[in-house]
Each structure stands twice: as structure tokens, then as C-alpha cells.
Amino acid sequence: MTKNIIPVGPQHPLLKEPISVNIEVSGEDVLGGSLRIGYVHRGIERLAQERTYVQNVHLIERICGICSHVHTTTYCYAVEALLGIEIPPKAQYIRALMCELERIHSHLLWIGILAKHIGLEMVFMHSWHNREVVLDIMEELSGGRVSHAANLIGGVRFDMDAEHDQMVRRQLRKLEDQLFGVLDAISTDTTIKARTKGVAPITAEQIRQYCVVGPVARASGVDVDMRRDNPLPPYDKLDFNVVTYPDGDAWARTIVRVDETRESLKLCEKILDQMPEGPVTTRARRKVPAGETVIRSEAPRGEVFYYLRSDGSEYPARLKIRTPTLAALSLMPVQLSEIRVADIPVVLAGIDLCIACADR
Amino acid sequence: MVEGLFYLLLFPGLAFQVTCGLVFEWADRKLLARFQRRVGPRWYQPLADLVKLFSKEDMLPTGASDWAATILPLVSLASVLTAGLYVPIAGFTPFSFEGDLIVILFFMGVPTMAYYLVGMSSVGIYSILGGARSLLQYFSYEVPLLLAFSGPAVLSGSWSVSGILEAQTELGPFFLFQPVGFGLAVVGLIGKLKRDPLDIPKAKSEVVAGSLTEFSGPKLALWHLVMDIQAIIGIFLLINLFFGAPVGAAPWIGALIFGGEVLLMIFILSAASSLFARLRIDQLAGLGWRVLVPAGIIQLLFVILMGV
Amino acid sequence: MTEVDLLTRLKEVAGESVARIEPINRETVYALPVEKWLNVVAVLTGELGIRHLSAITAQQRDASQGEIEVMVHFWQGRGITFVLTLPGDHPEIPSITAIIPGADFYEREAAEMFGINFTGREATPHLLLPDDWDQAPPFTGRITHD
Amino acid sequence: MAKKNGLLFALVDALFSRPETVRYPFGPVSLPEGFRGAIEFDAECCIGCGLCVRDCPANALELIRESREVYQLRYFPTRCAFCGQCQSTCARGAISHSNHIVPSTANPDAISVVLKDTSGGRLD
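Chains as they are written, first to last, in numbering that gives the first Met the number 0: chain A, 0 to 359; chain B, 0 to 307; chain C, 0 to 145; chain D, 0 to 123.
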């Protein structure tokens with residue numbers, strides 16, 4: 000059989016963001032693949048050095064369109080650590096609430112994309128319809144569906160009163176009502192199982208070798224979650240389950256995300272229940288004292304790593320961002336072997352591509 | 000002469016089939032949209048798409064066979080239209096003869112072959128993969144489909160569709176006797192039409208648009224028309240073989256019942272495409288030869304024994 | 000393994016120049032000599048079980064001196080960072096991709112952005128920068144705009 | 000029952016409920032209370048500290064000094080990132096976001112508005 004190259008990307012119906020995967024095939028069998036990213040490289044790490052700490056909050060928000068909030072949260076905690084201030088407890092809880100909402104929204108988006116890739120357009124639409132409820136909550140709270148601009152250095156930009164609290168609870172209940180049927184259906188559906196079970200399994204050893212994080216790691220039985228292992232406030236006061244599955248195949252990656260969505264919904268309720276009273280901002284100086292800090296937090300796709308060094312001026316001296324997708328991407332060429340052409344979408348979807356995050 | 004032209008061009012020929020094809024596409028898209036909580040297109044959208052495509056520039060990549068790309072959609076369109084002439088509409092059969100079921104099946108098979116050839120004559124990897132897949136899929140669904148269609152033929156002792164219709168007026172609709180055969184026929188039809196969940200040769204996320212990836216403009220429009228007409232003819236045939244035609248009713252009541260049955264079939268097809276994930280080609284082959292073919296043979300044996 | 004144990008073991012492997020420097024936030028930081036870097040990583044991933052590489056940060060602390068600092072951030076229940084200092088005119092460091100395949104992208108990124116030469120690995124095309132990028136690495140020197 | 004036929008249940012449910020599509024330009028659009036649209040400026044409150052200009056991540060603001068007490072704000076709505084930073088920065092509450100949606104353009108520098116006071120400086 001002759002060998003052919005299937006060029007997936009930079010533009011392809013499979014991809015929402017530009018990435019180029021050249022997949023070598025022989026008939027229906029995939030032999031291997033090579034990867035090229037950088038199509039949406041904006042040089043954010045370098046740009047950040049040219050802007051003030053305050054301006055950077057909004058630059059960082061534009062790293063990613065899905066996990067924008069967790070990026071600014073991590074960045075703000077990093078700056079606050081250098082400033083030596085602690086934000087008020089209510090601001091911490093609001094940040095965590097937005098993080099969890101974002102996780103639900105990211106996982107629902109992912110479930111939809113997987114369904115679309117395997118030809119289940121209806122599940123795709125229903126999943127995104129449910130995601131719309133989450134976006135509505137976030138818009139109602141912060142004024143923006145995707146760019147929430149919720150964080151300030153030293154707190155959050157909006158307060159939550161009793162009315163907001165009621166609204167979020169009402170919307171979450173609505174979401175539960177319409178979501179759980181779809182989630183059950185996804186985890187029990189025969190054809191989804193047929194397409195994902197046993198596809199491109201990743202062993203726990205491979206996960207450790209390639210330093211993969213987040214739901215992909217948890218689907219291979221590697222129990223990592225920065226919310227629990229290295230909690231930023233208020234996650235140390237919250238109680239939640241970390242979902243792991245031992246199988247490591249595309250099916251496990253689906254179920255992990257389905258279960259995490261449920262878990263996050265519960266966590267949202269807990270955050271609302273524990274939400275303290277008080278102010279949501281504290282005064283922060285513009286000049287950040289010299290020093291360096293490392294912050295790790297858990298984005299919907301896994302561990303986000305920020306390194307920030309200040310030289311005492313208003314501009315960061317070095318900001319290093321490591322996004323979870325970059326770790327997962329390095330594993331992709333390994334996965335692209337011993338599968339069929341029809342499994343390519345499942346593999347690509349399985350690691351939850353966020354190219355904007357990976358490229359920065 | 001005038002009557003012949005009327006049959007060929009208006010009813011049940013070109014105009015009627017094209018209209019039905021477009022109506023089918025609209026109904027299908029509307030239903031899919033409603034299943035997905037969307038509004039869906041207006042009734043003239045398929046026609047508008049067609050007009051738009053016909054007015055677009057016609058391009059082919061260098062190296063692809065221009066000759067094949069031009070002639071194959073035309074041949075496919077001609078054969079589905081010809082097949083349509085022999086399929087009774089609400090019991091109306093102007094060209095019926097003994098053995099026309101075989102002719103219909105033959106003509107219905109032509110677009111699949113054309114699809115394969117057009118993929119193979121192209122230069123893109125997606126087209127080649129799509130063409131190869133369409134042939135693999137053909138081998139998987141065609142046998143169960145033929146087995147399913149021979150059930151009614153054997154039961155009525157006639158290889159003409161009108162003969163099968165007549166037999167059903169005496170015995171009652173055949174799907175009552177052959178539910179398995181009916182199911183097989185629906186699966187086979189989905190496979191033949193390359194619709195979800197058996198749209199393996201043109202799976203968007205895997206091979207972009209299969210054989211038709213490199214097509215544009217009028218040629219693509221022709222292919223869309225072929226697919227639509229093929230779908231509606233397939234549905235008509237299925238209804239004739241398994242539901243029969245109403246006996247002794249006024250023509251308009253017959254047409255109404257026929258229309259209702261068509262809508263039911265469209266609903267079944269749309270629902271199937273919404274409810275099931277696309278199968279892999281190896282899974283389809285496994286399903287076809289391990290499940291559908293044995294089921295079809297058992298059904299046929301059952302029918303033969305019943306006939307005795 | 001406590002921090003003291005880790006420091007002793009590191010000193011055994013990489014010599015007395017290993018130093019524990021001021022911790023960053025919740026991370027413990029060790030300064031290492033570049034020559035023994037591969038031995039240290041082999042010991043880390045092997046007997047110490049510190050395998051999760053979070054990131055590789057390269058930076059020029061002082062642009063006038065030109066020294067490039069490579070910080071390698073590990074995680075094993077707590078953050079452990081190793082600092083290696085490279086000369087600015089000829090930054091070279093052995094690649095760890097043979098031991099930790101997941102370091103591939105981080106090394107390539109640091110190589111592109113700072114012009115660091117990671118030895119012992121095959122040459123790779125650009126990861127983030129355009130293929131026809133012919134200017135200085137973006138984090139060293141100025142970028143000229145068109 | 001719902002568990003076993005989950006997708007079928009979802010399908011039927013969708014078929015018999017109203018479509019979610021918003022017919023955007025034709026129907027009413029509901030914006031939340033805190034929606035961040037074009038900014039509004041209250042010259043009465045402005046003390047001319049210029050922090051908004053410094054903090055603006057998109058360089059969409061310029062402060063015009065009329066006299067010691069009177070300041071105007073030049074605003075480039077199509078540069079604006081609608082992030083709300085100026086609103087949060089302004090200690091005197093002189094800047095706020097309205098719910099006016101600004102259409103995007105190819106040239107972000109093309110449009111600028113001088114905001115003098117809340118009533119006169121509105122962007123329509």
C-alpha cells in the first residue's frame with residue numbers, strides 16, 4: 000500500500016484553531032504524525048514585559064478564549080504574592096466561582112466538539128445549548144460572556160449581592176435539569192462507546208514521561224489536580240472529589256470530563272453556600288517590589304504554571320506562562336500511531352486542543 | 000408522444016422528482032434543526048442553494064480528470080431520474096413491467112459507482128480516501144439491502160414493484176410480515192445515501208467531504224441534486240415495498256396517505272442521523288456481514304417457508 | 000524525602016557547588032552547575048521519583064551582563080526549581096529530552112526565544128516562530144518592526 | 000427510562016420545545032446590567048489625574064486639558080477592549096460603561112470622540 004500524507008490543518012473542518020498535523024497514512028491505517036504549532040503565536044510573554052502590571056491583566060485574559068478567567072486569576076495571585084497582599088475572602092470565592100463556571104463551560108464545549116467529530120451533531124448542539132446557560136451566568140455577573148474582566152489586582156471587579164446569588168442558583172438548577180439527561184446519555188450511549196472505547200490508550204507511564212496534566216492525566220489514572228495538591232485560596236477550604244479513571248482511552252477521557260462537569264456543578268453550589276460577606280477589593284500599589292514567584296493553578300485542561308519576576312518597576316521583568324495544552328500536545332505524535340483514519344478526530348479531540356493557549 | 004413527454008419531464012419524471020428531492024432536503028434539514036433546538040431553513044433554502052451553486056465559478060485542481068468530473072454527475076443524475084420513472088407514486092405506475100425492481104436497483108447503484116470513480120479520478124488525498132471508503136461501504140450495505148428487497152419480491156412472487164403492490168393489497172403491508180427486512184432496508188438505504196450515521200465516505204471531520212472535496216459550482220450542485228433525488232426515490236421504493244398502496248381509495252386520499260408515509264420515513268432517517276454516532280468503516284463491515292447479512296438470510300428463509 | 004536529604008543527595012551527584020537559594024513562594028530552589036545537569040535529572044527521575052516537569056523558564060536577569068538563566072520547574076507534591084546559569088555569548092545546555100520526553104516543547108521554546116543551544120538532540124524546525132524568522136531571538140535584543 | 004433512551008428523550012424534548020435561536024438583528028437583544036459597551040464620561044467628577052489613560056490596556060483614551068478644572072476625554076471606541084479597567088481605576092467615578100454596542104472596523108484609529116460630559120459626549 001502506498002503511503003500518503005493527510006494534511007490536517009492549518010485549516011481543516013476538524014480544527015477550530017490553526018494547528019498543522021501532517022498524518023502519514025497507508026490506506027485507512029495511521030502510521031505516524033508530525034506537529035507544527037505557532038500559527039497564533041502572539042508573543043504574549045514578551046508583550047507583557049512592555050506593559051504595566053495593570054494593563055497585563057487584560058492582555059493575559061486574551062491568551063485564551065475559553066479559560067481566560069483562570070489565566071487572569073493565576074496572574075493576579077502571582078502579582079498579589081509579590082505585593083504581599085491578600086485579597087478579601089469574598090473576592091477569593093468569587094474568583095473560584097468563576098473558575099468553576101469556566102470549567103463547566105469548557106468541558107461542555109469539549110463534549111460538544113467530541114460529539115461533532117464523531118458525527119453526533121445533535122449532542123453537539125445540545126451540549127452547547129447547555130453551555131449557553133453558563134455563559135449567561137457569567138455575563139450576568141461580570142458583563143462579558145467570554146472576556147469577563149472579572150479580576151483586578153487586589154480583588155474582583157464586581158460584587159455579588161443576594162440577588163446575584165439567587166440568580167446563579169436558579170440558573171444552575173436549570174442547568175442541572177437540562178444537562179444531566181444529556182450527560183447520562185453520553186456516558187451510556189452505545190455508539191459513542193463504540194467510537195471511543197479502546198481508542199488511542201495512554202498509559203500512566205506515558206503520562207508521567209510526557210508530563211501531561213489535567214483531565215487527560217486523570218483519565219489514565221494519574222491522580223493530579225492542582226486545586227487539591229497546591230490549593231490557591233479558597234480551594235483549601237472547599238471539599239471536592241478528583242475524578243480519575245484507570246483506562247486511559249478516549250472513552251475514559253470523555254467520562255472524566257462528564258464527571259468533572261457534575262463535580263464542578265456541586266462545587267459551585269458549595270462556593271455559593273460558603274460565600275462570606277465583606278469587601279471585594281483591597282488597595283494594591285502600582286509599583287511591585289522586586290522579587291519572583293511561581294504560581295500553579297488548575298485550568299479546565301490541567302495545571303497552569305506562571306512564573307513572574309519583578310525588578311521593582313511598574314513593568315514585569317519576566318512572565319513565563321506554561322499552559323496545559325502544550326504538555327498534552329507533545330504526547331500527540333505518540334498517539335497518532337496504530338489507529339485508523341477514523342480515529343484521528345477522536346484523538347485530536349481527546350486532548351482538548353486549545354491552540355491559542357499553547358501558542359500564547 | 001405528448002403523454003410520454005409529460006411522464007418524462009413533469010410527472011413522475013424530472014420536475015416532480017427534482018421538486019420532491021428539494022422538499023426532502025428541506026424537510027430533513029428542518030427536522031435536524033428542530034432536533035438540535037435550532038430554527039432551521041425556510042422552505043426555499045435548498046432551491047436557493049442550488050441556484051447559488053449553479054451561478055458559482057467552476058474549478059477543478061490541476062491533475063484531476065475534467066472529463067470524469069463533468070460526465071459522472073450527469074450520468075448519476077440521469078440514472079436516478081430513470082430509476083424514479085419506474086417507482087410507483089401512490090400506486091401510479093406508468094412504465095411498470097416485470098423485473099423493474101432489478102432495473103431500479105441497478106440504476107440506484109450507479110451514483111455510488113460514480114462517486115467512487117470521481118474520487119479516484121481526483122488528485123486530493125481526501126477524495127481518494129472518500130472514494131475508497133465509498134466502495135468499502137458499498138460492499139457492506141448492498142448485500143443486506145438486496146436481501147431485504149428480495150423479501151417482498153419472494154413473498155409476492157413478482158420482481159416488479161407494481162406486482163409487489165398488488166400482492167400487498169391482498170396480504171396486507173409487508174412490514175408486518177418482515178419487520179427485520181424493513182429494518183435492514185432502512186439501514187441499507189442510509190448506507191446507500193451516505194447519510195449519518197453511515198456517512199463514512201464523506202465524514203466531515205475525517206475526509207472533509209470525501210470524493211466531492213474538490214468540487215465546486217454547478218458540478219457540486221448536480222451532485223447535491225443526485226443525492227436528494229436518490230434519497231427521495233429510495234424512500235418511495237421502500238414505501239412501495241413495505242407499506243403498499245391503499246386499496247380502492249380516491250386518488251387524493253391515496254396521495255395523502257403516501258405523503259404521510261414519506262414524512263414518516265424522512266423522520267426515521269433524520270432521527271437516525273441525530274441519534275447515532277458515525278461508525279468506523281471496520282465497524283460497519285463487521286455490522287454488515289456479522290449481523291445484517293445473517294439477519295437478512297434468516298428473514299428470507301422465513302419468507303420462503305411462509306410462501307410454501 | 001525532606002529538603003535536607005534532597006540537598007545532600009544533590010551534592011553527592013553534582014558536587015559541592017549545589018546550593019539551596021532563597022525559596023520562591025512555595026518552591027524550593029537549588030542552584031546547579033550546568034556540567035552535572037544530566038546526572039542530576041537522571042537521579043531525580045530515577046531514584047527520587049521527581050518526574051513531573053512543569054515548565055522551563057529562561058530569562059536574562061540583567062540584560063547588560065548577558066547571562067541567561069534557565070529555571071527548570073519540577074513538581075512532586077511540592078514545587079522544586081533548579082537554576083542553571085549559562086554564559087550569554089554562548090548559551091549551551093545538555094538536552095533532557097532523552098530522560099524526560101515531555102521537555103521537548105519547553106526546550107524548543109527556550110531555544111527559539113533566547114537562542115539557547117540544547118545539545119544532544121536532533122535539530123527541529125521552529126515551534127512558535129515563523130519558519131522564515133531571521134532576526135535575533137525575541138527575548139534578546141530589540142525586535143525591529145516593519 | 001430517561002437514562003436508557005437518553006438521546007431519544009433529548010430529541011423528542013427538543014422537537015417539542017421552542018427553538019433557542021435568537022433572530023439577532025430583528026428581535027430584542029437583552030443585555031445584562033453590567034454590560035460593558037462604549038464608555039461614558041462625567042466631566043464634573045474628573046480631576047484630571049490621568050490614571051485611566053495610563054491603565055488603559057488598549058491606548059483608547061487621551062486626556063485633554065481645557066483648564067485646571069475642566070478636562071475632556073478623547074475616546075477611540077474601536078480601539079477599546081471594553082475591559083472595564085478605566086471604570087475600576089477612576090477613583091472619582093467619572094468613567095462608566097454604557098450599553099451601547101460599538102461595531103468593529105478595519106481601522107481602529109479611524110473613529111475618535113471627544114467626551115465632554117455625560118449628555119453631550121454620548122456615542123451613538
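Virtual Cβ for every residue (Gly too), placed ideally from N, Cα, C.
Owing to the predicted nature of the structure, the values given are computational and were not obtained by experimental measurement.
Quick check on residue i: does DSSP put it in helix, strand or coil?
i         : result
Gln177(B) : coil
Gly132(C) : One point to set straight first is that residue 132(C) is Trp, not Gly, in the sequence displayed. Note: Trp132(C) maps to coil in three-state DSSP.
Asp160(A) : coil
Ile100(D) : coil
Asn239(B) : helix
Thr118(C) : strand
Ser25(A)  : strand
Ile5(A)   : strand
Ser95(D)  : strand
Tyr43(B)  : coil
Ser219(A) : coil
Glu24(B)  : helix
Trp74(C)  : strand
Ser146(A) : coil
Glu39(D)  : strand
Tyr38(A)  : coil
Tyr209(A) : coil
Tyr114(B) : helix
Ile79(C)  : strand
Ala57(C)  : strand
Thr18(B)  : helix
Ala270(B) : helix
Pro93(C)  : strand
Leu85(C)  : strand
Glu16(A)  : coil
Can you tell me the Cβ-Cβ gap for residue i and residue j, rounded? I've got them flagged as a contact below 8 angstroms.
i         : j         : result
Leu73(B)  : Leu221(B) : 7 angstroms
Ser204(B) : Gly129(B) : At roughly 13 angstroms, the Cβ-Cβ gap does not stay under 8 angstroms, so Ser204(B) and Gly129(B) are not in contact.
Gly349(A) : Pro323(A) : Not quite, the Cβ-Cβ distance comes to about 14 angstroms (not below 8 angstroms), so this is no contact.
Val198(A) : Asp222(A) : Between Asp222(A) and Val198(A) the Cβ distance is about 23 angstroms, and since that is not below 8 angstroms, they are no contact.
Asn239(B) : Leu164(B) : 6 angstroms
Gly154(A) : Val279(A) : 5 angstroms
Glu120(A) : Gln35(B)  : 6 angstroms
Compare the beta carbon distance of residue i and residue j with 9 angstroms and say whether it is the shorter of the two.
i         : j         : result
Ile360(A) : Asp258(A) : It is not possible to answer for residue 360(A), since the shown part of chain A is limited to 0 through 359.
Ser411(A) : Leu231(A) : Lying before the first or after the last residue shown, residue 411(A) is absent from chain A, which here runs from 0 to 359.
Ile103(B) : Tyr85(B)  : yes
Leu14(A)  : Val7(A)   : yes
Gly83(B)  : Pro200(B) : no
Val50(B)  : Ser75(B)  : no
Met226(B) : Leu197(B) : no
Val185(B) : Ile267(B) : yes
Ser87(D)  : Ala37(D)  : no
Determine the burial state of residue i: buried for a count of at least 16 other Cβ atoms within 10 Å of its Cβ, exposed for fewer.
i         : result
Tyr52(A)  : buried
Arg256(A) : buried
Gln91(A)  : buried
Pro56(D)  : buried
Ser121(B) : buried
Lys3(D)   : Any answer about Lys3(D) is weak, because its pLDDT of 44 lies below 50 and its placement is not dependable; what the coordinates show is given next. Exposed, since its Cβ has fewer than 16 Cβ neighbours within 10 Å.
Asp130(C) : exposed
Met0(B)   : exposed
Gly311(A) : exposed
Trp343(B) : For residue 343(B) there is no data in the structure shown, the boundaries of chain B being 0 and 307.
Phe138(B) : exposed
Asp164(A) : exposed
> At what residue ranges does the stretch 243–314 of chain A contain a whole run of the beta strand (DSSP E), taking only runs of 3 or more?
Replying inline: Unbroken beta strand (DSSP E) runs of no fewer than 3 residues, entirely contained in the stretch 243–314 of chain A, are found at 290–298, 301–309, following chain order.
> Quick one: complete alpha helix (DSSP H) runs, 4+ long, within the stretch 15–53 of chain C?
Replying inline: Within the stretch 15–53 of chain C, the runs of alpha helix (DSSP H) at least 4 residues long that lie entirely inside it are, in chain order, 36–44.
>> At 3 residues or longer, what runs of the beta strand (DSSP E) sit wholly inside the stretch 310–350 of chain A?
In response: The qualifying runs are 315–321.
>> To test your reading of the DSSP string, which unbroken alpha helix (DSSP H) runs of 4 or more residues are found completely within the stretch 46–101 of chain B?
In response: When DSSP assignments are scanned along the stretch 46–101 of chain B, the uninterrupted stretches of alpha helix (DSSP H) that are 4 or more residues long and fall wholly within it turn out to be 65–85.
> For the stretch 38–76 of chain D, which segments carrying the beta strand (DSSP E) assignment without a break, of at least 3 residues, lie completely within its bounds, in sequence order?
Replying inline: The qualifying runs are 38–40, 60–64, 70–74.
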